[in-house]
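Visitor: Questions regarding the structure given below will be posed in turn.
Protein chains in written order, with our numbering: chain V, 102 to 605; chain E, 1392 to 1613.
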């Protein structure tokens, strides 16, 4: 019985965004669009909760003739997609209506926006639950295609430029990942013979130890570079600040909160297979190296930013780099820390983008130097920005501090993978601490400067309550809540997921 | 056909792959945008022929479907879209190149050697039929990648992306006799949509910037 309920939940998971997307093209009023949107998000979250419960009690779930495979890791990613997506839908209720009221968007283009938004969601869900690595690739490429017009939605010169860069860089990057998938298939066919299920995660995991190490190494390098472009790891990151700064706020929140996480998930999935055939040192050193470079470069770039959306974008690169260091170093603490970091970063970054969107609407500028006194102009958004900013700066009570410490501890105890020796380890710890200090100071300085001070006289004061504020409350409470308690289902999910990744 | 022994078959598949590689070089050396599109269409037809040959020699049915789709999508639909895009543009040639033609060709030659070098450890595991094709596929992917960096017009960059996809498809056909059908269909869908979207973009870039020269895209800077 439970099996059928789970299967139904999986069907809902995939059908809800698809149906809502198609439906959005047919309806006229914005009220109906938002209703459909919220309804489908509600269904999505409900289905995710059902699936997570099954996964917690019975372990991994497969459905539809093994086309769908969900284990603790994927249901953790689904959880992030659900929460951030729900918050985003609530936020769009006020944000998009305001844009329409101002005439930035023609009301008849709203349909297209919602259609693309739902297709984006669908592609991400598909990438997370697909059993076949090939289907996962197709879904991740589909996220690029769905979001490029969302990024360029304002149709200004800058946003067209950002959208084009994003489309080209990510498509090219991800083509390299397809080569990795082909190689993966090549290696598994040699063991399994000619079967079409040879790309399935379940099959690959079963025969992983017999796969050829040479081919897998090559495959992983291609997969890592390909999906790493999507994560925004340095040096494949140049599209990311442009895209995040030009995209409408809800889209930026989804890109930063969820899409990056899904791309990391894709890397972790193939890593889980590669590590069984090749020594984990190989993939670990790759992850840790790129992670360290991304972290330190992004922290330095944080100092130079004068546009608050770009600043948040660089902070994304920084946090993803740190999570990569955690995964690369491995061990129970490192992997748990990395996963927990992903969860917290998703919530904090989308909250920050929501607040930034509100501020942008009111102040009509993205220059940090021209925004002062948000606290007196719009207290709700100011509080949200402050909470998100402090969390992103990894100030102690926030969970991002805890996960950052876990990652540094893991680095100290297990050392860097590959032959780096103790000097390399102490050097990298020093680098991590120094750069996180730089990032901390930069974020805190900029954000306090925005929140306090004298507001420009031209800006209207007061912030009437709207549906959009529900999303700020939801994410803010989650972030603050995670400072003190880690609810036991979530903890169990994280434990199971990190055990799957070899952090047993 | 009695004369079509596995040995001859392997030679023919190699020939097909080499034709693909040659069209790559021709695209790199070509300045006229419309000629680049024609070359890409030609390359796609070569790809379909090679794939059909592999399908025939190995009896793998679903490669026929993929080959037919290649001719339809990459041989006709996408080139048509691209020609339409070019008609609207005010430039028909790559005027300024980041890397000039002779240097580009030399670099591409080096890339081919690199590709053979990278795949050498794994190539010996391959099927007899398609042993060299995997290396050639990687070479095509790398050349596409390089063209993307070396050329500035949005259309050329798009063609380079499509060339990369052709290389990947050759790799999949050569190394594994095709991916599972569902994956192949998904990849075709993605490529088609990507080409359409990029076509729309070039129109909008033309309207907004009066140019499809991507070096003009410099509003966004640190």
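Note that beta-carbon positions come from the ideal geometry of N, C-alpha and C, so glycine has one too.
(1) If you check the beta carbons only, do residue 218 (chain V) and residue 246 (chain V) fall under 8 Å apart?
(2) For residue 551 (chain V), count neighbouring Cβ atoms within 10 angstroms of its own Cβ and tell me buried if that reaches 16, exposed if not.
(3) Check whether the Cβ of residue 269 (chain V) lies closer than 8 Å to any Cβ atom in chain E.
(4) Where are the alpha helix (DSSP H) runs, 4 residues long or more, that stay fully inside the stretch 457-505 of chain V, in chain order?
(5) Suppose the cutoff is 6 Å on Cβ atoms and the five residues either side in sequence are ignored; what does the same chain contact list for residue 102 (chain V) look like?
(6) Leaving aside the five residues before and after residue 277 (chain V) along the sequence, list all residues of the same chain whose C-beta is less than 6 Å from its C-beta, in chain order.
(7) Would you say residue 259 (chain V) faces chain E, with C-beta separation under 8 Å as the test?
(8) Verify the CB distance criterion: does residue 1611 (chain E) have a CB-CB separation below 8 Å to chain V?
(9) Let's test the definition: count the other Cβ atoms within 10 Å of the Cβ of residue 1466 (chain E) and tell me whether it reaches 16, buried, or not, exposed.
(10) Among E:1450, E:1534, E:1605, E:1510, which has the Cα closest to the Cα of residue 267 (chain V)?
(11) Jot down the residue ranges of each uninterrupted alpha helix (DSSP H) in the stretch 251-293 of chain V, minimum 4 residues, whole runs only, in chain order.
(12) How about residue 1404 (chain E): is its C-beta nearer than 8 Å to some C-beta of chain V?
(13) Quick one: which unbroken alpha helix (DSSP H) runs of 4-plus residues sit fully inside the stretch 498-571 of chain V? Chain order, please.
(14) How far does the beta strand (DSSP E) with residue 71 (chain V) in it reach, from first residue to last?
(15) State the Cα-Cα distance for the pair residue 225 (chain V) and residue 141 (chain V), rounded to the nearest angstrom.
(16) If you count every other CB in all the chains shown that lies within 10 Å of the CB of residue 1434 (chain E), and 16 or more means buried, which is it?
(17) Name the chain E residues that come within less than 8 Å of residue 264 (chain V), Cβ to Cβ?
(18) Have a look at the DSSP bridge pairing and note the partners of residue 171 (chain V).
(19) Going by the beta-carbon positions, is the gap between residue 413 (chain V) and residue 465 (chain V) smaller than 8 Å?
(20) One question on the structure: do residue 1405 (chain E) and residue 1523 (chain E) come within less than 8 Å of each other, judged by their Cβ atoms?
(21) If contact means a Cβ-Cβ distance below 7 Å, which residues of the stretch 1486-1505 of chain E contact chain V?
(22) Per DSSP, which one or two residues make a beta bridge with residue 1544 (chain E)?
(23) With 8 Å set as the bound, which would you pick, yes or no: does the beta-carbon of residue 1563 (chain E) sit closer than that to a beta-carbon of chain V?
(24) For the candidate residues V:192, V:130, V:182, V:158, whose alpha-carbon lies nearest to that of residue 455 (chain V)?
(25) So, residue 362 (chain V) versus residue 457 (chain V), is the Cβ gap smaller than 8 Å?
(26) Can you tell me which of V:269, V:279, V:376 puts its alpha carbon nearest to the alpha carbon of residue 307 (chain V)?
(27) Going along chain E in order, which residues have a C-beta closer than 8 Å to the C-beta of residue 371 (chain V)?
(28) Which value, in whole angstroms, describes the spacing of the CA atoms of residue 334 (chain V) and residue 365 (chain V)?
(29) For residue 301 (chain V), name the three-state secondary structure that DSSP assigns.
(30) Considering only DSSP beta bridges, list what residue 231 (chain V) is partnered with.
(31) Do you know how far the Cα of residue 1468 (chain E) is from the Cα of residue 1487 (chain E)?
(32) Rounded to a whole number of angstroms, what is the C-alpha to C-alpha distance between residue 395 (chain V) and residue 505 (chain V)?
(33) Consult DSSP for residue 408 (chain V) and reduce its assignment to one of helix, strand or coil.
(34) Going along chain V, which residues have a C-beta under 9 Å from residue 1536 (chain E)?
(35) Going along the chain, which residues of its own chain have a beta-carbon closer than 6 Å to the beta-carbon of residue 439 (chain V), five neighbours each way excluded?
(36) Just to check my reading of the structure: residue 148 (chain V) and residue 110 (chain V) have Cβ atoms closer than 8 Å, yes? What is that Cβ distance to the nearest angstrom?
Guide: Let me spell this out:
(1) On the first chain, position 117 is the one that residue 218 (chain V) refers to. On the first chain, position 145 is the one that residue 246 (chain V) refers to. For residue 218 (chain V) and residue 246 (chain V), no; Cβs fall outside 8 Å.
(2) Looking up residue 551 (chain V) in the first chain gives position 450. So residue 551 (chain V) counts as buried.
(3) Against the first chain, residue 269 (chain V) aligns to sequence position 168. Yes, residue 269 (chain V) lies at the interface with chain E (some Cβ there is under 8 Å from its Cβ).
(4) 475-478, 480-493
(5) Taking the first residue of the first chain as 1, we reach residue 102 (chain V) at position 1. Confidence at residue 102 (chain V) is low in this model, with a pLDDT of 48, below 50, so the placement of that residue should be treated as unreliable; the coordinate-derived value is given next. For residue 102 (chain V), where only same-chain residues beyond five positions count, there are no Cβ hits under 6 Å.
(6) What you label residue 277 (chain V) is simply residue 176 of the first chain in a count that begins at 1. Within the same chain, residue 277 (chain V) has close Cβ partners 323, 326, 327.
(7) Looking up residue 259 (chain V) in the first chain gives position 158. Residue 259 (chain V) counts as touching chain E.
(8) Within the second chain, numbered from 1, the residue matching residue 1611 (chain E) stands at position 220. Residue 1611 (chain E) counts as touching chain V.
(9) Translated into positions along the second chain, residue 1466 (chain E) becomes position 75. Residue 1466 (chain E) is buried by the Cβ-count criterion.
(10) Numbered from its first residue, the first chain carries residue 267 (chain V) at position 166. Closest by alpha carbon: E:1605.
(11) 258-293
(12) Numbered from its first residue, the second chain carries residue 1404 (chain E) at position 13. No, its Cβ sits nowhere closer than 8 Å to a Cβ of chain V.
(13) 500-515, 522-552
(14) A question about residue 71 (chain V) goes unanswered here, because the residues of chain V that appear run from 102 up to 605.
(15) Counting from one through the first chain, the residue named residue 225 (chain V) turns up at place 124. Counting from one through the first chain, the residue named residue 141 (chain V) turns up at place 40. In a straight line, the C-alpha of residue 225 (chain V) is about 15 Å away from that of residue 141 (chain V).
(16) For the purposes of this step, residue 1434 (chain E) is identified with residue 43 of the second chain, where counting begins at 1. With 16 or more Cβ atoms within 10 Å of its Cβ, residue 1434 (chain E) is classed as buried.
(17) On the first chain, residue 264 (chain V) is found 163 positions in, with the first residue counted as 1. Within chain E, the residues near residue 264 (chain V) are 1592.
(18) Counting from 1 along the first chain, the entry for residue 171 (chain V) is found at position 70. V:162, per the DSSP bridge assignment.
(19) The residue you call residue 413 (chain V) lines up with position 312 of the first chain. The residue you call residue 465 (chain V) lines up with position 364 of the first chain. Taking 8 Å as the Cβ cut-off, residue 413 (chain V) and residue 465 (chain V) do not qualify as a contacting pair.
(20) The residue labelled residue 1405 (chain E) in the question sits at position 14 within the second chain. The residue labelled residue 1523 (chain E) in the question sits at position 132 within the second chain. Result yes, Cβ atoms of residue 1405 (chain E) and residue 1523 (chain E) sit closer than 8 Å.
(21) none
(22) The residue you call residue 1544 (chain E) lines up with position 153 of the second chain. Answer is E:1604.
(23) On the second chain, residue 1563 (chain E) is found 172 positions in, with the first residue counted as 1. With 8 Å as the cut-off, residue 1563 (chain E) counts as an interface residue toward chain V.
(24) Here residue 455 (chain V) refers to the residue found at position 354 when the first chain is read from its first residue. Among V:192, V:130, V:182, V:158, the Cα nearest to that of residue 455 (chain V) belongs to V:192.
(25) In the first chain, counting from the first residue as 1, residue 362 (chain V) sits at position 261. In the first chain, counting from the first residue as 1, residue 457 (chain V) sits at position 356. It is not a contact, given that the beta carbons lie outside the stated cut-off.
(26) Here residue 307 (chain V) refers to the residue found at position 206 of the first chain. For the residues V:269, V:279, V:376, the minimum Cα distance to residue 307 (chain V) belongs to V:376.
(27) The residue given as residue 371 (chain V) occupies position 270 in the first chain. Here the premise fails: no neighbours, minimum Cβ distance about 15 Å.
(28) Sequence index remark: in the first chain, residue 334 (chain V) carries index 233 (1-based). Sequence index remark: in the first chain, residue 365 (chain V) carries index 264 (1-based). For residue 334 (chain V) and residue 365 (chain V), the distance between alpha carbons rounds to 10 Å.
(29) By 1-based counting over the first chain, the position of residue 301 (chain V) is 200. Residue 301 (chain V): strand per DSSP, three-state reduction.
(30) Along the first chain, one-based indexing puts residue 231 (chain V) at 130. Its beta-bridge partners are V:169.
(31) Locating residue 1487 (chain E) in the second chain gives position 96, counting from the first residue. Locating residue 1468 (chain E) in the second chain gives position 77, counting from the first residue. Roughly 29 Å separates the two Cα atoms.
(32) As a working note, residue 395 (chain V) is residue 294 in the first chain. As a working note, residue 505 (chain V) is residue 404 in the first chain. The straight-line gap from Cα to Cα measures roughly 15 Å.
(33) Residue 408 (chain V) sits at position 307 when you count from the first residue of the first chain. Here residue 408 (chain V) sits in strand by DSSP.
(34) Here the question's residue 1536 (chain E) lines up with position 145 in the second chain. Here the neighbours are 273, 276, 277.
(35) By one-based count along the first chain, residue 439 (chain V) stands at place 338. So the list reads 424, 427, 428, once near-sequence residues are dropped.
(36) Numbered from its first residue, the first chain carries residue 148 (chain V) at position 47. Numbered from its first residue, the first chain carries residue 110 (chain V) at position 9. Confirmed, Cβ separation roughly 4 Å.
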